[in-house]
Amino acid sequence: MPTTQTPARTGLIRSLARGFIGRCPHCGEGKLFGRFLKVRPHCEACGLELHHHRADDLPPYVVIFIVAHIVGYLILETESAYEVPLWVEMGVWPVFTLVLALGLLQPVKGAVVGLQYALGMHGFAALPQARPAPGREETRLAPAGPGGPASRT
Ligand SMILES: [Zn+2]
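Okay, structure coming up:
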C-alpha cells in the first residue's frame, strides 16, 4: 500500500546544492531548467511547482560578485608577479570573465531557486503530494508475494 504522507522539506544546504547542479531542490532528480535560464513549470519527477519562483535579478548580482572577486584577484596577482604584455591581458581577461560569468549564471540561478524553496518563499510554501517517480513504482510498491501492484485497483 502506498504511503501518502507529505515528504519533508529539503534542508537549506542540500536545496542550494541541488539547484546549483540544475536539479529539483525537493527531490534532486527532476531537471530544474528547460532551457539555459528558463526554469521548468514543475518538476517532472516529484511534481513540485517551480513556476512561481522569483529569482529576478539576484543571480546576475551574485555572479557579478563572484566573478569580480576571482578575476580581480587574478589580475592583481599576475600584475604583481609577472610582466604580461598588455595585449595579452586585453585578450585573456575579457574572454575569461565572459566564460566564467556565463558558466556560473545557470548554477547560481538554480541555487537561488533552491534558496527560495528551502525558505518556503513565494509559492514554495506548499509541498507536492508524495507520489512515486516514474519507473520506481514497481520497486517501491511490490512486496514479495501476493498483494503487488496488480492488487491496487
Ligand atoms: Zn522534484
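Under numbering that gives the first Met the number 0, the first residue of the sequence shown is numbered 0, with each subsequent residue one higher.
The beta-carbon is built from N, C-alpha and C at its ideal position, and this holds for glycine as well.
DSSP-derived helix/strand/coil call for residue i
i, result
"GLU28", "coil"
"ARG39", "coil"
"ARG22", "strand"
"GLY10", "coil"
"ALA16", "helix"
Counted within 10 angstroms of its Cβ, other Cβ atoms place residue i as buried (16 or more) or exposed
i, result
"ALA54", "buried"
"LEU103", "buried"
"TYR81", "exposed"
"SER14", "buried"
The region 104-119 touching the region 5-25, judged by at least three CB pairs closer than 8 Å:
In this structure the region 104-119 lies against the region 5-25, because at least three pairs of beta carbons, one per stretch, are closer than 8 Å.
In chain order, what are the residue ranges of uninterrupted alpha helix (DSSP H) at least 4 long that sit wholly in the region 43-123?
You should have 57-80, 85-117.
Closer than 5 Å to ligand 1: residues, by C-beta to nearest heavy atom, in chain order
In chain order, the residues that have a beta carbon nearer than 5 Å to some heavy atom of ligand 1 are CYS23, HIS25, CYS26, GLY29, CYS42, ALA44, CYS45, LEU47.
For the structure I just gave you, are there three or more beta carbon pairs, one from the region 55-71 and one from the region 87-100, closer than 8 Å?
Yes, they touch.
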